[in-house]
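Chains A and B, in that order, give the protein sequences. For the first sequence, our numbering begins at 289 and goes up steadily by one. For the second sequence, our numbering begins at 289 and goes up steadily by one. All C-beta atoms, glycine included, are put in the ideal place defined by N, C-alpha and C. Beneath this line is the structure, given in C-alpha cells, with notes to follow.
Protein chains: 2
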Amino acid sequence: MSSEPSETKATRVTSFDVAERAGVNQSTVSRALAGSPQVTPATRERVLAVARELGYTVDQRASGLRTGRTDTVAVVILQGPEDKAPSGNPFYFELLGSICEAASARGLETLVSLQSEDGRLSGDYVKRGQADGTIVIGSARHSSAWTYFQQLQRSTGNLAFWGSPFDDARWVRSDNHGGGRIATSHLLDRGYRKIAFVGPLGTGPGQFAERFAGYREALAERGAQPIEASIYPDGDRKSQGYHAARDMIERDGSIDAFFAASDRLAFGVLDYLKEIGRDVPEDVGIVGFDGMSAGTISSPPLTTVAPDLAKAAEALLRMAIDGETSVTQRVNVKLIERASVRPA
Amino acid sequence: MSSEPSETKATRVTSFDVAERAGVNQSTVSRALAGSPQVTPATRERVLAVARELGYTVDQRASGLRTGRTDTVAVVILQGPEDKAPSGNPFYFELLGSICEAASARGLETLVSLQSEDGRLSGDYVKRGQADGTIVIGSARHSSAWTYFQQLQRSTGNLAFWGSPFDDARWVRSDNHGGGRIATSHLLDRGYRKIAFVGPLGTGPGQFAERFAGYREALAERGAQPIEASIYPDGDRKSQGYHAARDMIERDGSIDAFFAASDRLAFGVLDYLKEIGRDVPEDVGIVGFDGMSAGTISSPPLTTVAPDLAKAAEALLRMAIDGETSVTQRVNVKLIERASVRPA
C-alpha cells in the first residue's frame, strides 16, 4: 500500500512542529510570525519557509486570545417580518455590501447576523471575542430591539448604529434633512407646484421625519404648503407608496409631484400613476430616496437622493472598530438624476 | 469620589471568578455551561445564576479551541470589477441573504469575505478556526479564482461552491437545463415563434451554457431553431443584454421573443425594445432567469425562472457544514409569471 500524504486526513501542524523543524524555540516561531523585531530577518525567513513547507496555518482563535484582535467586524441586520430574503429590504444588503468592501480594504472580515425583534437579540460580539466592533443596521420600526442595543451601547464601546430611532446614541445617518431639501427644491425648480410627501412618519426622530422636515422647509421658503397622505396600511413599502399616492390623488387630482421618503415607496407611487394613466415625468414628477440600484430598472428610471454608502461604511467602521468618540455622524447625500423628473 | 461600577471600564470576568463565587471548581463551571450531564441540575442552576450576576460571557475563541466548533459558516463572494457594491451583482446578495437566514435557523452566524481574482484569495477559514465550513459564490468568469478553490476543495472537506465553472467539484447549482426548457416552452405555449437566446456562453459547462442547452432542446422538440447573438461587448450584464437584442433584431426583425439567461440581461433587452417602440408582451415576449426582486419593478414586470434560494442555501450548508458527501446538488426552479409574456 502506497502512502499518499496529500490524500490522508491532515493532522493539524502546530507551532511546535515548525519550531522543531526550524531548530528554534516555539516562542521564536510565534514572534517570527507576528513580525516581532526581536527576531532576526534570517530566522524569520527560515521560520516562514518551514511554516509554508509544513502547511502551518495560524489558528485565529488562539492567535486572537494572544493578541486580543479578531480582525472582524460584526454586522447585525434587524429584520421585521416584511424584510425576509429574497424580497426583503435590498437597501440593507446594498449597505452591507459597502460595509464588506470597506472592511475588506482595512483587512477585516465581516460577521453577519440576521436578527428579529421577536427572536433572540445579541450584540455581544466583542465581549465574546468574535469581533473588534459591531454595527447594527435596521429600520426605526424595530423599537424594542433598538432599546436593547441602546442599553448595550451605554455599557460598551465599539457599537455603531444605522437606522436607530433615537438621537441619544452613537449613530451614522444620511443627511436626511438636506436630502429632503434637495429633492423638493429640484421638483420646484423643474416647474412642479403641488408636491406631496409620501412616507409614514410615526413618532420620534426617525429618518423619514428628518426627510419630511427638509421637504417642509424647502416648500415654506417658496410659500408652498406640505401635503401628506392620511393612510398607510400595513404591508411592504411599495404597497404603502401605492396606497398613499391613491389616497392623495383621490383627495386632490391637481397634485403634480411626489417626494417619496424611500425608493421602494416611490416604486409604489409609480405603479399607481401608471394604473391611472398619468405620464411620468410630463404630468407628474417623482423623486425617491436611497439611490437603490433597482431604480435604474423602473419605468421611467427613478430620480433619487442617494447617501454616499462608501462614506457611510467608513464612518460606521471608524465608530465600531476604532471606537471614535463622536456621538453622531452625518453622511452626505446627492441627487441622482434619472428620468422621473422633467428635464430643465 | 463615588464609584460607579457600570461606568468603569469592565475587567473581563473569567470562569474562575464564577467558580469562586459559586463555590465550585472552574472545571465544574465549564461543564455546567456546556450542559454536561456530569453536573447536577442544582449545581448547573447555581452556576448559571452566578454567571448572569457577574455578567460572565463565554469567550468564543477559548470555547472554540476546546470544542473545535465555531458555529459559523464562512461565505466567500468572488467579485469581478463589474460586481462592486452598491450597483454590483444583487443576485449574490439575494443568495447571501438566504444563506444568512438558513444559517441563522441552524444557530450559525455567517462570516462574509469579498474577494477578487486579482486580490489575495483565501478559503482556509476552517483550518484557521474561524468557521465550520465555507461556501464560495461567484460567476464562472473568475476562472483562475475557481481553480484555486477547486484545488483547496481537493485537499479539504467542508467547502461548497455556487457558480463554479467546472463539473469536477462539490457544488450546488440551479436546475439550469430544466429552467431553460421551462422558459422556452412557456414562450412557445403563448404563441411566440422566433425565440432568441441572450447570454454569452464562453467555454466549458457554465450555468448559461446549461440554460442554453435546455432552450435548444425545447425548441428542437417543436422543430424550431436556436437564434444567438454574435456580439457581447465588455460591460455589465444589462448593457450586454441591450447590445445582444439590438444585434439580433437588426439581423432579423421578425424575432418575437427572448429568453435571457439572467434577469440583468433581460433588463437590457427591455431597454432596447422600449427604445425601438416594441410592445412587451404584445409584440415581443421576454423571460429572464434568477427571480430577482428588481424584476417586480421593471416595466412590464419581468416573467422569470427562479431557483429556490432557500433550498439552495440549505444544500450549500449541508455540504459545507455537515460535510455531506454527494458531489453535486441541483436546486429546483420555477416559473414566476409576471407581465413580460402574453397571458394564455
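Between ALA501 (chain B) and GLY467 (chain B), the gap from beta carbon to beta carbon reaches 8 angstroms or more.
Within the segment 409-444 of chain A, the complete beta strand (DSSP E) segments of 3 residues or longer fall at 421-425, listed in chain order.
Neighbours of ASP412 (chain B) across chain A, judged by C-beta separation under 8 angstroms: THR345. Straight through space, the alpha carbons of LEU553 (chain A) and TYR344 (chain A) are spaced by roughly 53 angstroms. As a beta-bridge residue in DSSP terms, GLY576 (chain B) pairs with B:THR592. In the structure shown, the three-state DSSP call for VAL568 (chain B) is coil. DSSP, read as helix, strand or coil, puts ALA448 (chain A) in strand. Checking the DSSP bridge columns, you'll see ILE515 (chain B) partnered with B:ALA484. The Cβ atoms of ALA548 (chain B) and VAL629 (chain B) lie no closer than 8 angstroms to each other. When only Cα atoms are considered, ALA598 (chain B) and SER303 (chain B) end up about 39 angstroms apart.
Listed in chain order, the positions of the segment 394-407 of chain B with a beta carbon within less than 7 angstroms of a beta carbon of chain A are GLU397, THR398, LEU399, VAL400, SER401 and LEU402.
Within the segment 414-439 of chain A, those residues whose Cβ lies closer than 7 angstroms to any Cβ of chain B are, in chain order, LYS415, ARG416, GLY417 and GLN418.
Contact of ILE585 (chain A) with chain B by beta-carbon distance below 7 angstroms involves PHE555, ALA582, ILE585 and SER586. Taking the beta carbon of GLY487 (chain A) as reference, no residue of chain B falls within 8 angstroms; the closest one sits roughly 18 angstroms away. With fewer than 16 other CB atoms across the displayed protein chains lying within 10 angstroms of its CB, GLN439 (chain B) is exposed.
With contacts defined by Cβ atoms closer than 8 angstroms, GLY494 (chain B) and ALA428 (chain B) form a contacting pair. For GLY385 (chain A), at least one C-beta of chain B is nearer than 8 angstroms to its own C-beta. For PHE381 (chain B), a Cβ of chain A is located within less than 8 angstroms of the residue's own Cβ.
Contact between ALA608 (chain B) and THR358 (chain B) fails: their C-beta atoms lie close to 12 angstroms from each other, not under 8 angstroms. In chain A, no part has a C-beta under 7 angstroms from the C-beta of SER303 (chain B); the shortest such distance is about 14 angstroms. For SER404 (chain A), the enclosing beta strand (DSSP E) stretches over residues 397-404.
Within a 10 Å sphere around the beta-carbon of ARG539 (chain B) sit fewer than 16 other beta-carbons, which makes this residue exposed. Taking 8 angstroms as the cut-off between beta carbons, the residues of the segment 559-573 of chain B near chain A are LYS562, in sequence order. Interface criterion met: the Cβ of GLU389 (chain A) is under 8 angstroms from a Cβ in chain B. When the alpha-carbon of GLN617 (chain B) is set against those of B:GLU341, B:ASN464, B:ILE483 and B:GLY417, the nearest one is in B:ASN464. The beta carbon of ASN313 (chain B) lies closer than 7 angstroms to those of ALA307 in the same chain, with the five residues before and after it left out. Cβ atoms of ASP551 (chain B) and ALA582 (chain B) come within 8 angstroms of each other, at about 7 angstroms. Taking one beta carbon from each stretch, the segment 558-574 of chain B and the segment 521-540 of chain A have fewer than 3 pairs nearer than 8 angstroms; the two do not touch. Under the three-state reduction of DSSP output, GLN367 (chain B) falls in the strand class. In this structure, LYS482 (chain B) lies away from ASP567 (chain B), with their beta-carbon atoms at least 8 angstroms apart. What SER542 (chain A) touches in chain B, judged by beta-carbon distance under 7 angstroms, is nothing: the nearest beta carbon there is about 25 angstroms away. Think of a sphere of 7 angstroms around the beta carbon of PRO378 (chain A): the chain B residues whose beta carbon falls inside it are PRO378 and SER581, in chain order.
Among the bridge pairs identified by DSSP, THR360 (chain A) is matched with A:GLU397. By the Cβ neighbour-count rule, GLU509 (chain A) is exposed, with fewer than 16 other Cβ atoms within 10 Å of its own. Inter-residue distance for SER586 (chain A) and ASP578 (chain B) is about 18 angstroms (C-alpha atoms, whole angstroms).
A direct Cα-to-Cα measurement between PHE454 (chain B) and LEU409 (chain B) gives close to 18 angstroms.
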